[in-house]
Amino acid sequence: MLPIRHRRGLPFMYSFFGLFTDPVPGLPQRICAAWPELNPIEIDSPISAIGVRFGIQRYEPSLEDTPSAVVHAVEELSQQSPARFMLLRTECWGGDGANWGQIIRDGKTVFKTEGDGALRRLIKHWGVDLGPSEIFAPLQRDFPWGVPDVRP
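The opening residue of the sequence shown carries number 18 in our numbering; numbering runs sequentially from there.
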């Protein structure tokens with residue numbers, strides 16, 4: 018698989034940017050205070066988490082970054098909570114895709130990863146092994162996020 022930086026100019030088929038965190042009481046309300054347009058949902062499998070999917074007003078799908086404004090806001094949230102926070106970006110082209118992200122705790126990034134197996138390494142912070150297939154329901158096109166897919 019080619020790194021994302023070698024795919025510039027190719028249209029993406031699926032773009033995702035989301036936040037997953039432990040289901041700590043009061044945290045969904047604090048997430049909504051930071052980003053009023055988001056609707057936190059509960060995820061039961063493969064991890065127990067609260068998740069939100071950011072719309073394109075919070076990131077540019079064609080860029081390889083994790084927006085610093087979002088990272089800083091999550092760092093602030095994590096200073097007020099014992100929860101784990103995972104920021105995840107996914108870009109796919111047909112059957113070929115890439116994941117990258119970071120785990121934030123106590124106000125700082127404690128783990129950052131990209132490349133093959135990145136999603137698996139991120140989810141392992143919840144004590145769950147996705148296996149080499151890295152199937153994660155929140156990344157399925159039909160997952161009920163309540164915000165539209167980012168597609169060309």
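Backbone N, C-alpha and C fix where the C-beta goes; we use that ideal spot for every residue, glycine too.
7 Å CB neighbourhood of R22 in its chain, flanking five on each side removed
Here R22 scores only 38 on pLDDT, less than 50, and its place in the model is too uncertain to base an answer on.
Using CA coordinates, which residue listed in R47, R138, G68 and A51 is at the minimum distance from V57?
The residue asked about is misnamed: residue 57 is Pro in this sequence, not Val. The shortest C-alpha separation from P57 is found at G68.
Which word fits S150, buried or exposed, when buried means at least 16 other C-beta atoms lie within 10 angstroms of its C-beta?
Burial call: exposed.
Inter-residue Cα distance where the pair is I140 and L94
20 Å
Three Cβ pairs or more, each shorter than 8 Å: is that satisfied between the region 94-108 and the region 30-41?
yes
Residue nearest to I60 in terms of C-alpha spacing, selected from V41, E77 and Y76:
V41
Could you name the residues of the same chain whose beta carbon sits closer than 8 Å to that of R47, not counting the 5 residues immediately before and after it, in chain order?
L94, Q97 and S98
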